[in-house]
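One structure is given below, encoded as structure tokens.
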Amino acid sequence: MIYKGLIKKYAAYLPITKATPSLTLLEGNTPLIKAINLSKKYGVSIYFKYEGLNPTGSFKDRGMVVAVAKAIEEGSNHIICASTGNTSASAAAYAARANIKCSVIIPSGKIAYGKLAQALIYGANVIAVDGNFDEALDIVKTLADKYPITLVNSINPYRLQGQKTSSFEIVDDLGDSPDYLCLPVGNAGNITAYWMGFNEYLYKHKCTSLPTVYGFQAKGSCPIVENRIFTHPETIATAIRIGNPVNWDNANKVAKQSKGDITAITDEKIVEAYKLLALTEGIFAEPASCISLAGILQKIQLGEIKKGSTVVGILTGNGLKDPDSAINNIKKVESIACDEKKIKEIIFNE
Ligand SMILES: *Cc1c(COP(=O)(O)O)cnc(C)c1O
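Residue numbers for the sequence shown follow the working numbering, so the first one is 506 and each next one is one higher.
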């Protein structure tokens, strides 16, 4: 059957009515890629859900398509969000598609270049503020309360509804839930949405079990792990540079109910995993996404992920989003004379 987008495919599971406009950029339907080399090395079946192949390069499209469709259904013609990057790229794209206005507030200087380029090229009204994400979100909430403009951050419940469809796809592909689900945690919307998705599928007898969920925060930005607000969160993984997560309580509930946990990973380990994923599996994901692999490796080492089990790591965003992180973490390329002998020497001596 021809794929017609997430709202059509999972209409029975979404808060969709006859009045909901059909909106899609053919988001979702992303590949579950087996990590053949890493699976062999560790004796664990490791799969990556490559959400970086969504239309704007991150999982945010799953929730945004539903949030924007519902905003239009409810008569809105202007959406707003605060964003570390991917939410703004996604909101801007769907607003363009639906011919409505989009305003995005970003923390200045802390946004990956590809994401900023996207918000601008899709025509959003981009406002950079001297402040962090949490401060930007406070302003956006106030504006949405006072004026006729729809908030599309993950406080908007339709976002999580759309995002839960990734769990459905994983079960549809594997035939059941994996033993473990590993993913980055920023505002903790995604971890909440995945848990919702697996539970709904269990209830509908589409799967027979639920995964143990391991969420990961960056060490310099781990409010849930340390149970305190981070007023100055810092990490190379800018997509999860969140000091006061919106879905904080939900994240703890998921960890508890699934017998998993939320732990912290250093930037050093994130960068190692970022390079390892590309080098060993040919998959380029942005730093925040690679915390999934760093976390999987840590859990294997601790014996918490058992040999012979099945693990799914969520790769939330595409590596091309953040070219600076790649360039800054690999060997510099120096140019030399365009000479056959010299080039031959280098190629065969590497
Ligand atoms: C938004 C985002 C996250 C964090 O998701 P939350 O729902 O905020 O926990 C992780 N990785 C990427 C690439 C993102 O864009």
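Cβ atoms here follow ideal geometry from the backbone N, Cα and C, with glycine treated the same way.
DSSP state of residue i mapped onto helix, strand, coil
i, result
"Asn-658", "coil"
"Gly-694", "helix"
"Thr-589", "coil"
"Ala-742", "coil"
"Pro-689", "strand"
"Ser-672", "helix"
"Cys-712", "coil"
"Asp-478", "Shown here, the chain extends from 506 to 855; a query on residue 478 therefore has no answer."
"Cys-727", "coil"
"Lys-812", "coil"
"Thr-768", "strand"
"Lys-758", "helix"
"Thr-717", "strand"
"Ala-517", "helix"
"Tyr-779", "helix"
"Asn-630", "strand"
"Ala-603", "coil"
"Tyr-547", "helix"
"Asp-568", "It is worth fixing the name first, because residue 568 is Gly in this sequence and not Asp. Reduced to three states, the DSSP call for Gly-568 is helix."
"Val-817", "strand"
"Lys-539", "strand"
"Lys-554", "strand"
"Gly-702", "helix"
"Ala-524", "coil"
"Ala-617", "coil"
"Asn-854", "helix"
Residue i: CB within 7 Å of a non-hydrogen atom of ligand 1
i, result
"Asn-695", "yes"
"Ile-745", "yes"
"Ala-617", "no"
"Glu-532", "no"
"Ala-793", "yes"
"Val-690", "yes"
"Gly-680", "no"
"Ser-563", "yes"
"Thr-736", "no"
"Ser-659", "yes"
"Thr-821", "yes"
"Asn-591", "yes"
Within 8 Å, strictly: CB atoms of residue i and residue j
i, j, result
"Gly-765", "Val-718", "yes"
"Ser-794", "Leu-820", "yes"
"Lys-606", "Asn-591", "no"
"Glu-578", "Ala-524", "yes"
"Lys-565", "Tyr-552", "no"
"Ser-797", "Gly-822", "no"
"Thr-589", "Ile-632", "no"
"Leu-511", "Gly-667", "yes"
"Val-609", "Ser-593", "yes"
"Ile-747", "Gly-787", "no"
"Gly-720", "Ala-756", "yes"
"Ala-698", "Val-730", "no"
"Ile-767", "Gln-722", "yes"
"Ala-598", "Thr-655", "no"
"Gly-568", "Leu-715", "no"
"Val-570", "Leu-537", "no"
"Asn-534", "Tyr-518", "no"
"Gly-813", "Gly-548", "yes"
"Asn-752", "Ala-693", "yes"
"Lys-554", "Ser-671", "yes"
"Asn-749", "Asp-635", "no"
"Ser-726", "Ile-745", "yes"
"Tyr-663", "Ala-572", "yes"
"Thr-743", "Leu-543", "no"
Residue i burial status per 10 Å Cβ neighbour count (16 or more: buried)
i, result
"Val-657", "buried"
"Lys-575", "buried"
"Leu-621", "buried"
"Pro-612", "buried"
"Asn-559", "buried"
"Asp-772", "buried"
"Asp-754", "exposed"
"Phe-853", "exposed"
"Met-506", "exposed"
"Ala-862", "There is simply no residue 862 to check, as the chain begins at 506 and stops at 855 in what is shown."
"Ala-649", "buried"
"Gln-803", "buried"
"Asp-678", "exposed"
"Lys-669", "buried"
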